[in-house]
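Heads up: the structure comes next, in structure tokens.
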């Protein structure tokens, strides 16, 4: 473990922050121009963020939390699909010393209410449609929820904020994070199949294991193009879909679309994926789709290290 800790920069006076290790340290070490996040929309649209871009955008989100009066330890929940705002708000919350809790976007109102109540949510990032359908009907039952940030700009409901407009008002210069290794960082919930969902806490020290396992088990290297198909609403989609790849300095591909065998094969080829992280269920679905579909793609282009 001392060796693994030595692979990270840390902060002064024994501090440690996941976002600093995932984003800021790459910029400090001269790798800010490298592509960090390559996002593919459901409709085929694309956005790309360098590590310098991620630093600026996460600084801005952290500064917005501070402007809204949210201090260290604030519980920030997201109810989003795999869109850029999910990744920027996760890292920005961690940079600000807050606790980030991603919810699976397909959850209905009751699973959302249960988790936000148990987690004492103070802020929520979501879309207008999901807010109106899944949160607004019971919002008055959760007095801890003081900020609702909407990614699509339709802030017509009382107490809801247009996220993009709010971000434009703050400066992209947050400064250095101030967190310790044992400070809370992530809050994930069990499925609740044996009773109420239970919250599991990851502290900032968890980045040591995330980084080391990404480097040693997934064999991540800075020149890799990495694709994790897991949704960040589940723990593996955060640990190995955000933290491990970024701390290891790779280019991380995010596809907003759901499973589609032809789309996935095309993505592996087109994006030149070198390390692919997916689930056995997905592999079985690809097998079921047949070998002919796979043979249409030039798999030599992405003959990388699959996991």
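Residue numbers (our numbering): 56 to 362.
Backbone N, C-alpha and C fix where the C-beta goes; we use that ideal spot for every residue, glycine too.
Can you find a heavy atom of the ligand FAD that lies under 6 angstroms from the Cβ of residue i?
{"i": "residue 90", "result": "Among the ligands in the structure shown, none appear at all, so the ligand FAD cannot be discussed."}
For residue i, is the classification buried or exposed, using 16 other Cβ atoms within 10 angstroms of its Cβ as the cut-off for buried?
{"i": "residue 84", "result": "exposed"}
{"i": "residue 357", "result": "Per-residue confidence for residue 357 stands at a pLDDT of 46, beneath the threshold of 50, marking its modelled position as unreliable; no derived number is given."}
{"i": "residue 296", "result": "buried"}
{"i": "residue 140", "result": "buried"}
{"i": "residue 223", "result": "exposed"}
{"i": "residue 203", "result": "buried"}
{"i": "residue 165", "result": "exposed"}
{"i": "residue 161", "result": "exposed"}
{"i": "residue 319", "result": "buried"}
{"i": "residue 232", "result": "buried"}
{"i": "residue 342", "result": "exposed"}
{"i": "residue 347", "result": "exposed"}
{"i": "residue 66", "result": "buried"}
Excluding the 5 residues preceding and the 5 following residue i in the sequence, name in chain order all residues of the same chain whose CB lies nearer than 6 angstroms to its CB.
{"i": "residue 240", "result": "73, 149, 257, 258, 259"}
{"i": "residue 283", "result": "295, 296, 332"}
{"i": "residue 154", "result": "130, 239, 242"}
{"i": "residue 147", "result": "113, 116, 117"}
{"i": "residue 269", "result": "275, 299, 303"}
{"i": "residue 362", "result": "Bear in mind that the predicted position of residue 362 carries a pLDDT of just 47, short of 50, making it too unreliable to give a figure here."}
{"i": "residue 307", "result": "92, 281, 300"}
{"i": "residue 290", "result": "243"}
{"i": "residue 263", "result": "59, 60"}
{"i": "residue 109", "result": "78, 91"}
{"i": "residue 245", "result": "252, 253"}
Leaving aside the five residues before and after residue i along the sequence, list all residues of the same chain whose C-beta is less than 8 angstroms from its C-beta, in chain order.
{"i": "residue 187", "result": "212"}
{"i": "residue 266", "result": "59, 62, 63, 76, 298, 299, 302, 303"}
{"i": "residue 219", "result": "206, 208"}
{"i": "residue 235", "result": "69, 70, 71, 259"}
{"i": "residue 126", "result": "152"}
{"i": "residue 120", "result": "129, 131, 147, 148, 151, 153, 178"}
{"i": "residue 56", "result": "263"}
{"i": "residue 8", "result": "Residue 8 lies beyond the range of the chain shown here (56 to 362); nothing can be said about it."}
Is the separation between the beta-carbon of residue i and that of residue j shorter than 7 angstroms?
{"i": "residue 287", "j": "residue 170", "result": "no"}
{"i": "residue 309", "j": "residue 137", "result": "yes"}
{"i": "residue 156", "j": "residue 128", "result": "no"}
{"i": "residue 103", "j": "residue 90", "result": "yes"}
{"i": "residue 122", "j": "residue 201", "result": "no"}
{"i": "residue 280", "j": "residue 329", "result": "yes"}
{"i": "residue 227", "j": "residue 111", "result": "yes"}
{"i": "residue 316", "j": "residue 344", "result": "yes"}
{"i": "residue 133", "j": "residue 95", "result": "no"}
{"i": "residue 172", "j": "residue 197", "result": "yes"}
Give me the DSSP bridge partner(s) of residue i.
{"i": "residue 307", "result": "92, 281"}
{"i": "residue 243", "result": "255"}
{"i": "residue 181", "result": "134, 205"}
{"i": "residue 154", "result": "130"}
{"i": "residue 323", "result": "Answer is none; residue 323 lacks a bridge partner."}
{"i": "residue 250", "result": "According to DSSP, which records beta bridges pairwise, residue 250 is partnered with nothing at all."}
{"i": "residue 69", "result": "BP columns for residue 69 are empty, so no partner."}
Skipping 5 residues on each side, what residues in its chain have a beta carbon closer than 7 angstroms to that of residue i?
{"i": "residue 314", "result": "337, 340"}
{"i": "residue 199", "result": "175, 176, 177"}
{"i": "residue 143", "result": "112, 113, 116"}
{"i": "residue 312", "result": "97, 318"}
{"i": "residue 106", "result": "78, 81, 82, 86, 87, 89, 91"}
{"i": "residue 214", "result": "203"}
{"i": "residue 183", "result": "205, 207, 209"}
{"i": "residue 237", "result": "258, 260"}
Margin query: Which runs of the alpha helix (DSSP H) at least 4 residues long sit entirely within the stretch 275 to 304? Give them in chain order.
Written below: As far as the stretch 275 to 304 is concerned, its whole alpha helix (DSSP H) runs of at least 4 residues are 290 to 293, 299 to 302.
Item checked: Unbroken stretches of the alpha helix (DSSP H), 4 residues or longer, contained in the stretch 89 to 151 -> With a minimum length of 4 residues, the continuous alpha helix (DSSP H) runs that stay inside the stretch 89 to 151 are 106 to 122, 139 to 150.
Check: Fully enclosed by the stretch 183 to 232, which alpha helix (DSSP H) runs are 4 residues long or longer?
Finding: Runs of the alpha helix (DSSP H) inside the stretch 183 to 232: 218 to 223.
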